[in-house]
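Q: At the far end of the sequence shown sits residue 231, using our numbering, and the numbering has no gaps. Don't be surprised by glycine CBs; every beta carbon is placed ideally from N, CA and C. This is the structure I have questions about; it appears just below.
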Amino acid sequence: MISDPGNSSSLSARARRKRVEFFGSLVAQLGRRDLSLLDVGGTLNYWKLNGPALPPGLFAEVDIVNLPPVEPASHELHGIAFNVYGGDALDPGSLRLQHYDIIYSNSVIEHVGSLQQQRRMAETIRRHGRHHFVQTPARTFPIEPHFYFPFFALLPLGIRTWLHQHFQMGFMGREPDWLEARIRCEETRLLTRKELTSLFPESRVLHERLCLMTKSFMVTNLCR
């Protein structure tokens, strides 16, 4: 399976685990332990599956913030204290802490709306985290990772809306209502390398490849 959230052996699941391993190797180079991490838009299940790929002792505490409604909860996984709560990366005042050693985000920034809103999320990450690691799918990869349609992100909005109305589109499904379909298509905005370089000017934009093509980007100031 290419992408199946419930299948730990799917291509996307293996890519996520490999990504977390790479992230952990970059953090380990800082030479520090018991760091604080904010995961923007993540889930506890993500860390249940991928947390073992991290070197032990890197993080003492991980906050997971996601859009409300979210039931606040505390858990311990892999020797790390996890705090889950509702908040919005576009509203820094809703964050539990105003400073983190590292801010992490996996496949989220493409879902916050317009480029202006994406800039607001980038500003929050840069301002409130000493370091950051942001992953997002590449706009030009042949198969769009949400709708599973060739070059879907490059099509005009009207065509994307029509397709979403009339066909089962990946895990986004089929949305018969024109307005809802258009909103979903508008709010799923994949970025280019140039846009990411502008949003995170002090960071490196790394390429995650599949079959020699850039499948997604990893933006980080953990390496130069």
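Thinking C-alpha only, which one of V69, E187 and I87 is nearest R103?
A: If we check each option's Cα against that of R103, V69 comes out closest.
Q: In its own chain, which residues sit with a C-beta less than 7 Å from the C-beta of A160, not counting the 5 before and 5 after it?
A: Within the same chain, A160 has close Cβ partners R146, E151 and L197.
Q: Quick check on D41: buried or exposed, where buried means 16 or more other Cβ atoms within 10 Å of its Cβ?
A: It is exposed - the Cβ of D41 has fewer than 16 other Cβ atoms within 10 Å.
Q: Within the same chain, show all residues whose beta-carbon is closer than 8 Å to that of L164, passing over the 5 residues directly before and after it, in chain order.
A: So the list reads R189, C192 and E193, once near-sequence residues are dropped.
Q: In the DSSP output, what is Q142 paired with across the bridge?
A: In the DSSP output, where bridge partners are listed per residue, Q142 has N113 and M225.
Q: Just list the alpha helix (DSSP H) runs in the segment 198-223, keeping only unbroken ones of 4 residues or longer that don't cross its boundaries, in chain order.
A: Taking only runs of at least 4 residues, the alpha helix (DSSP H) segments lying wholly in the segment 198-223 are 200-206.
Q: At the level of alpha carbons, what is the spacing between F226 and K25?
A: Looking at the sequence itself, residue 226 is Val, so the reference to Phe does not match. Rounded to the nearest angstrom, the two C-alpha atoms are 16 Å apart.
Q: Closer than 7 Å by C-beta to M176: which residues in its own chain qualify, once you throw out the five before and the five after it? Chain order, please.
A: Only F154, Y155, F156 and L170 meet the Cβ criterion.
Q: If you follow the beta strand (DSSP E) that H82 is in, where does it begin and where does it stop?
A: Taken as a continuous stretch (DSSP letters only), the beta strand (DSSP E) holding H82 covers A80 to L84.
Q: Which value, in whole angstroms, describes the spacing of the CA atoms of R211 and S81?
A: Taking the straight line from one Cα to the other gives about 33 Å.
Q: Please list, in chain order, all residues of the same chain as P144 whose beta carbon is under 6 Å from its beta carbon, the five residues on each side excluded.
A: The residues are P152, L197 and S223.
Q: What residues match up with S150 in a beta bridge as DSSP calls it?
A: The displayed chain sequence assigns Ile, not Ser, to residue 150. Paired residue(s): P157.
Q: State buried or exposed for D108, treating a residue as buried only when at least 16 other CB atoms are found within 10 Å of its CB.
A: Buried, by the Cβ-count rule.
Q: What does a CB cutoff of less than 8 Å around R23 pick up in its chain, not counting 5 residues either side in sequence?
A: The answer, listed in chain order, is Y53, L56, N57 and N113.
Q: If F207 and R133 are in contact, beta carbons under 8 Å, what's the gap, nearest whole angstrom?
A: Rounded, the Cβ-Cβ distance is 7 Å, consistent with contact.
Q: Look up F174 in the DSSP assignment and say whether it is helix, strand or coil.
A: Here F174 sits in coil by DSSP.
Q: Going by the DSSP bridge assignment, what does Y107 pair with across the sheet?
A: Note: Y107 sits in a beta bridge opposite G136.
Q: At the 8 Å Cβ level, is G58 part of the contact set with chain C, yes or no?
A: Annotation note: the requested chain C is absent from the structure, which comprises a single protein chain.
Q: Verify whether the separation of the beta carbon atoms of A35 and P75 is less than 8 Å.
A: No, these two residues do not count as a Cβ contact at 8 Å.
Q: Here's the rule: buried if 16 or more other CB atoms are within 10 angstroms of the residue's CB, otherwise exposed. What is H106?
A: Flag for H106 reads exposed.
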